[in-house]
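Residue numbers (mature numbering (1 follows the signal peptide of the UniProt record, and there is no 0)): -20 to -1, 1 to 202. Structure record follows, encoded as structure tokens.
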């Protein structure tokens, strides 16, 4: 299904007024969708977005601790993902980051370095934008060279239908086995994003977009 900004202004007004915002609630691993918030940290602002400049950009409001969240054991190189409580309906990209915990994932507040391991960038043609994100399921592969240890995996959708941009975020807790010696490094949050970044502060409706600069660093493959 295409997500085109040619009809987005009307769709956003209609859908946004009728539905609650969406959340990434379940981890997908070993071909199974796990229970809601079993391995994903539950935010405390229900389904409200967060904004650039806030430490809530790490793992959402209330997601700074994973003491009540289980940690899933998975092999490096595995395909994992996130399931949502409803499909994305706002325009904007999906990005996935990973950060190695100093000790346990449950005790990690996400203040360290994050590497981007996956992203969905838009396709732009003839003034139309297909964001490719109208879904409630997103899967991706962990780098096969990832060092063994415990990690936070962070997924976000940056909603650009209005300014300031809205960030929908969840973090899952993983224990990675096997792999190699690669340790992810990239940016930290909230300093890794600015409200004035070209891919965060923009009008997606006019003038017609011809390109889109993805926020954050390049995708890290390990």
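Glycine included, C-beta positions come from ideal geometry on N, C-alpha and C. Keep in mind it's a predicted model, so treat the numbers as computed, not measured.
Delimiting residues of the beta strand (DSSP E) encompassing residue i
i	result
residue 103	103 to 105
residue 59	59 to 64
residue 5	4 to 9
residue 51	Premise fails: residue 51 is in no beta strand (DSSP E) and is neither H nor E.
Between the CA atoms of residue j and residue i - distance to the nearest angstrom
i	j	result
residue 60	residue 8	5 Å
residue 190	residue 148	25 Å
residue 172	residue 15	31 Å
residue 139	residue 45	25 Å
residue 201	residue 155	18 Å
residue 4	residue 178	25 Å
residue 42	residue 71	25 Å
residue 87	residue 131	10 Å
residue 135	residue 168	14 Å
residue 23	residue 36	10 Å
residue 199	residue 122	12 Å
residue 40	residue 128	25 Å
CA nearest to the CA of residue i, picked from the options
i	options	result
residue 185	66, 146, 171, 142	142
residue 21	126, 51, 170, 157	51
residue 73	111, 49, 159	111
residue 194	64, 57, 137, 62	137
residue 2	29, 78, 176	29
Strand pairing of residue i, partner residues [DSSP]
i	result
residue 78	95, 133
residue 154	52, 131
Which full runs of the beta strand (DSSP E) of 3+ residues lie inside the stretch 92 to 152, going along the chain? 95 to 100, 103 to 105, 108 to 110, 117 to 121, 129 to 139
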